[in-house]
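If you're matching them up, the sequences are chains H and V in order.
Yeah, the first sequence ends on 203 if you go by the numbering used here, and it's all consecutive.
Yeah, the second sequence ends on 1203 if you go by the numbering used here, and it's all consecutive.
Okay, structure first, notes after.
Number of protein chains: 2
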Amino acid sequence: MTTETDDEARHKAKMANRKAVQDAEVAGKTIEKGLLIVHTGKGKGKSTAAFGLLLRAIGRGFQCGVVQFGKGAWQTGERAAIERFGDQVKWYTLGEGFTWETQDRARDVAAAERAWDRATELMEDPSIRLLILDELNISLRYDHLDLGRVLAAFASRRADLHVVVTGRNAKPELIEIADLVTEMVAVKHHFAAGVKAQQGIEF
Amino acid sequence: MTTETDDEARHKAKMANRKAVQDAEVAGKTIEKGLLIVHTGKGKGKSTAAFGLLLRAIGRGFQCGVVQFGKGAWQTGERAAIERFGDQVKWYTLGEGFTWETQDRARDVAAAERAWDRATELMEDPSIRLLILDELNISLRYDHLDLGRVLAAFASRRADLHVVVTGRNAKPELIEIADLVTEMVAVKHHFAAGVKAQQGIEF
């Protein structure tokens, strides 16, 4: 007969074993460095998770920067909230909107260049610990920016600077040099059921 | 001979076509409703994207609630930042840590029950527009909470309440009733290269 007490003891032994594995794993990781993080894929949450990281970094007292390459003035919920933190976050929205909104390649290239100038400036600012380059992958995909130039800037950045790059279709060369790459996969999407983009959720 | 102008005209026509498709798609979506959102998968960004949504909703003036089922007092960067918004966010951290930390099933069940009581309370509070149930999937996976009870509560919630559930191994029955499900897939992880969890990034 299996008693409750046997079950509990087994559970406890199993979890103790799991904790030992977990602790050994944590002890094996000793490097601290600024990470190059990429959020890509067709699912939702790429920019949203970047803003979650921003919130965490703000809570730790980091100075942060945000450069938005893609979305024009469209997304304002998170920006409105971040204004509460004043000078702790430098935020630049320099995209002209999605590329199919502008229908003008020269204008898209110019907007991407302006955004990249800001990004470079923030990378060179020693006070900045976290820099979010939102939708940079889109500018790279459409060759609005030179990939080699971007990769070189990342490779030569300060050792303690975390950089987060978002957007679909991340370039393989970027994934290659990144420390952390997450693909957001759409399992199910409410747009397919006729639900529209809603304030506080999508923007 | 192809001139620059031909290229530009082609680009413009292609983008105009794409914009028309996009606009028609947007126009076809008319429903507004509180969404049941699930972030699952083994990759990073599940809770982080939920906190990004929180930031967006705060920026839109929503009252919000957060109940943490899993992590004890471990994750504090985002919470420290959110305190700046005072009463706009009700935040409860009720998990006792990961289940392999406690090694005590009865204690895990009791902690999950306490967290669920808070979740129910917040779902019944008409001022709350967004509720994050962080790591609830873990409590459901280990049967610390009854799945049927949780699903019934979601099904009967207020029509304008957005709920976000995070954690690996989301139950198929939860995915079935959800409006939006994203799987975070780990493409590349810095822990594998010996880099440790760092303040401002992981916690």
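Beta carbons: idealized from backbone N, C-alpha and C, even for Gly.
Best match in the options for proximity to residue i [C-alpha to C-alpha]
i	options	result
Arg-1157 (chain V)	V:Ala-1110, V:Trp-1116, V:Leu-1094 and V:Met-1123	V:Met-1123
Ala-152 (chain H)	H:Lys-188, H:Thr-120 and H:Glu-183	H:Thr-120
Val-187 (chain H)	V:Val-1026, V:Glu-1183, V:Ala-1024 and V:His-1190	V:Glu-1183
Ala-81 (chain H)	V:Leu-1055, V:Gln-1088 and V:Val-1026	V:Leu-1055
Gln-88 (chain H)	H:Val-66, H:Val-150 and H:Val-185	H:Val-66
Gln-1199 (chain V)	H:Val-21, H:Gly-43, H:Ile-201 and H:Lys-33	H:Lys-33
Leu-1133 (chain V)	V:Ile-1201, V:Ala-1024, V:Arg-1168 and V:Arg-1105	V:Arg-1168
Ala-1009 (chain V)	H:Asp-7, H:Ala-13, H:Thr-76 and H:Gln-103	H:Gln-103
His-1011 (chain V)	H:Asp-160, H:Ala-106 and H:Trp-116	H:Ala-106
Asp-1179 (chain V)	H:Phe-62, H:Ala-192 and H:Asp-23	H:Ala-192
Arg-129 (chain H)	H:Leu-35, H:Gly-41 and H:Leu-174	H:Leu-35
Cβ of residue i within 9 Å of any chain V Cβ
i	result
Ala-178 (chain H)	yes
Ser-139 (chain H)	no
Ser-47 (chain H)	yes
Ile-201 (chain H)	yes
Gln-198 (chain H)	yes
Gly-70 (chain H)	no
Thr-2 (chain H)	For Thr-2 (chain H), the predicted structure reports a pLDDT of 49, less than 50, and the residue's modelled location is therefore unreliable. The matter cannot be settled from this model.
His-189 (chain H)	yes
Val-195 (chain H)	yes
Met-123 (chain H)	no
Glu-32 (chain H)	yes
Opposing strand residues paired with residue i [DSSP bridges]
i	result
Thr-1040 (chain V)	V:Glu-1183
Val-195 (chain H)	V:Ile-1031
Val-1165 (chain V)	V:Val-1038 and V:Leu-1133
Lys-19 (chain H)	Lys-19 (chain H) is not bridged to any residue.
Gln-1063 (chain V)	V:Ile-1128
Lys-1046 (chain V)	For Lys-1046 (chain V), which the question treats as bridged, DSSP gives no partner whatsoever.
Simplified DSSP assignment, three categories, for residue i
i	result
His-11 (chain H)	helix
Thr-1093 (chain V)	strand
Asp-1134 (chain V)	strand
Met-1 (chain H)	Low confidence applies to Met-1 (chain H): its pLDDT is 49, below 50, so where it sits in the model is not reliable, and the reading given next is rough at best. Here Met-1 (chain H) sits in coil by DSSP.
Phe-203 (chain H)	coil
Lys-1171 (chain V)	coil
Gly-1070 (chain V)	coil
Gly-77 (chain H)	helix
Assumed close pair residue i, residue j - CB separation to whole angstroms, cut-off 8 Å
i	j	result
Lys-196 (chain H)	Ile-1031 (chain V)	6 Å
Asn-137 (chain H)	Thr-93 (chain H)	Contact flag wrong, Cβ pair sits at about 17 Å.
Gly-70 (chain H)	Gly-95 (chain H)	4 Å
Gly-1077 (chain V)	Phe-1203 (chain V)	6 Å
Proximity test, Cβ basis, 9 Å: residue i and chain H
i	result
Phe-1051 (chain V)	yes
Leu-1136 (chain V)	no
Gly-1043 (chain V)	yes
Ser-1085 (chain V)	Residue identity check: residue 1085 (chain V) is Phe in the sequence provided, not Ser. So yes, Phe-1085 (chain V) belongs to the interface.
Lys-1090 (chain V)	no
Leu-1147 (chain V)	no
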